[in-house]
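Down below is the structure, laid out as C-alpha cells.
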Amino acid sequence: MTAVEALVEEQIVYQRPESLLEVPTHYCPGCTHGIAHRIVAEVLDELGVRERTIGVSPVGCSVLAYKYFNMDGAEAAHGRAPAMATGIKRVMPDHVVFTYQGDGDLAAIGIGEIIHTATRGENITTIFINNAIYGMTGGQMAPTTLPGQRTTSSVTGRDVETTGFPIRMAEMLAGMTGSAYVVRRSLHNVKEINRAKQAVRVAFQAQLAGLGFSMVELLSSCPTNWGMSAPEAMKWIEDNMVPYYPLGDYKVADAVQPLLKRK
Numbered sequence: 021m022t023a024v025e026a027l028v029e030e031q032i033v034y035q036r037p038e039s040l041l042e043v044p045t046h047y048c049p050g051c052t053h054g055i056a057h058r059i060v061a062e063v064l065d066e067l068g069v070r071e072r073t074i075g076v077s078p079v080g081c082s083v084l085a086y087k088y089f090n091m092d093g094a095e096a097a098h099g100r101a102p103a104m105a106t107g108i109k110r111v112m113p114d115h116v117v118f119t120y121q122g123d124g125d126l127a128a129i130g131i132g133e134i135i136h137t138a139t140r141g142e143n144i145t146t147i148f149i150n151n152a153i154y155g156m157t158g159g160q161m162a163p164t165t166l167p168g169q170r171t172t173s174s175v176t177g178r179d180v181e182t183t184g185f186p187i188r189m190a191e192m193l194a195g196m197t198g199s200a201y202v203v204r205r206s207l208h209n210v211k212e213i214n215r216a217k218q219a220v221r222v223a224f225q226a227q228l229a230g231l232g233f234s235m236v237e238l239l240s241s242c243p244t245n246w247g248m249s250a251p252e253a254m255k256w257i258e259d260n261m262v263p264y265y266p267l268g269d270y271k272v273a274d275a276v277q278p279l280l281k282r283k
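Take 21 as the starting number for the sequence shown in this note's numbering and just add one per residue.
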C-alpha cells in the first residue's frame, strides 16, 4: 500500500456496508426505508453474520428488500413472513433469520402470525416499519393510522368511533411470554437513528444467544402518501407519531439485560 492509498484509507469514515448491494433505490424521496436497511446491514456486518443470515420480506413497500440486502432472502405471502421465518429458523437454527415488515402487513393481515410467533418465543428477529399508512397500495388507512389522520380511504380523517383506535404493536407483543426483547425507536433524526441501530444490534444479539422472539418497531416516514416534503414528514413523526407511539423499551427479558451493556 502506497502512502497515498494509506492516507485515503484512513480518511474513510462512511461507506456502503457489505450487507447492502450497490443498486439504485426505488423508494420515494424522503422515505426512511433506506435508513432502516442501512442500520440493519451495518449491524449484520459488525456482528460478522452476513453469510449465515436470511431475510424474509412479505408484500408492501418492503417486498423488494431482498434486492437491497447482500444475503440470502425469501419472499413471503402478505402477512406470512413470521411463519416462513419460523420454518427457516427451525430447519436451520444456526442461521440468523429476520423479517422486515411494514404496518399494513404486520399489523393487519399478518397480525395473527406475529402474535403467535411471539407467543411461541420463536428465536427470530422482526424489524417493524411503522409509517401509519399503506404505502405501496396507494395510501389507504392502516391499523396504525392515527386518529384524525387523512388517507385515501379516510379522506376526512380516521374516525375512531367507526374504525377503532390505532394498534400499538410493541405494547401488545411485549405482553407475550415468549418475547425476549421488544422496543420502539424512530428514524426522524440522527439521535434517534443511532438509538435505533443500538436496538437492532441488541435484537440480533438476543437471537444469537437463543433468547427468543425480538422486535424493533421503527417509526418511519411516508412523505408521498402523507402529502408532505421530506423535512415536513420528519417533523410530523416527532409531533404526531411519537406522542401516540411513545419511544422506549417495552420488554427486556432478564437474560437480555447483559446485552445492553455491550458496545
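Just so you know, even glycine gets a beta-carbon here, dropped at the ideal spot from N, CA and C.
Give the DSSP-derived three-state secondary structure of Met192 in the structure shown.
-> helix
For the beta strand (DSSP E) that contains Val202, what are its first and last residues?
-> Ser199 to Ser206
Exposed unless 16 or more other CB atoms sit within 10 angstroms - verdict on Arg245 = It should be noted that the sequence gives Asn, not Arg, for residue 245. Looking at its Cβ environment, which holds 16 or more other Cβ atoms inside 10 Å, Asn245 is buried.
Compute the distance between the beta-carbons of Pro78 and His53, then report whether it is under 7 Å.
-> no
Going by DSSP, which residues form a beta bridge with Lys271?
-> Val202
Is Ser199 near Ala162, with beta carbons less than 7 Å apart?
-> no
Which partner residues of Gln121 appear in the DSSP bridge assignment?
-> Phe148
Please report the residue range of the beta strand (DSSP E) in which Ala94 lies.
-> Asp92 to Glu95
Closer than 6 Å by C-beta to Gly124: which residues in its own chain qualify, once you throw out the five before and the five after it? Chain order, please.
-> Gly80, Tyr154 and Ala162
Within the segment 215-260, ranges of the alpha helix (DSSP H) (whole runs, at least 4 residues) = 243-246 and 250-256
Report the option in Cys242, Val202 and Tyr88 whose CA atom is closest to the CA atom of Gly158.
-> Cys242
Note the first and the last residue of the continuous beta strand (DSSP E) segment covering Ile74.
-> Thr73 to Ser77
How is the alpha helix (DSSP H) around Leu67 delimited, first residue to last?
-> His53 to Leu67
DSSP-derived helix/strand/coil call for Val83 | helix
Hey, is the segment 163-182 in contact with the segment 273-282, meaning 3+ C-beta pairs nearer than 8 Å?
-> no
Three or more C-beta pairs closer than 8 Å, one from the segment 224-231 and one from the segment 253-265: is that the case here?
-> no
Grouping DSSP H, G and I as helix and E and B as strand, with all else coil, what is Leu279?
-> helix
Can you tell me the Cβ-Cβ gap for Ala216 and Leu207, rounded? I've got them flagged as a contact below 8 Å.
-> 6 Å
DSSP bridge partner residues for Ser174 (one or two, in chain order) | Thr171
Taking only the alpha-carbon atoms, compute the straight-line gap between Arg110 and Gly75 and give it to the nearest angstrom.
-> 14 Å
In three-state terms, what does DSSP make of Val33?
-> coil
In the DSSP assignment, what are the bridge partners of Phe89?
-> Leu40
Among Asn260, Leu279 and Leu238, which residue has its Cα nearest to the Cα of Cys51?
-> Leu238
Have a look at Tyr94 and Thr145 and give me their C-alpha separation to the nearest angstrom.
-> Reading off the sequence, residue 94 comes out as Ala, not Tyr. Taking the straight line from one Cα to the other gives about 15 Å.
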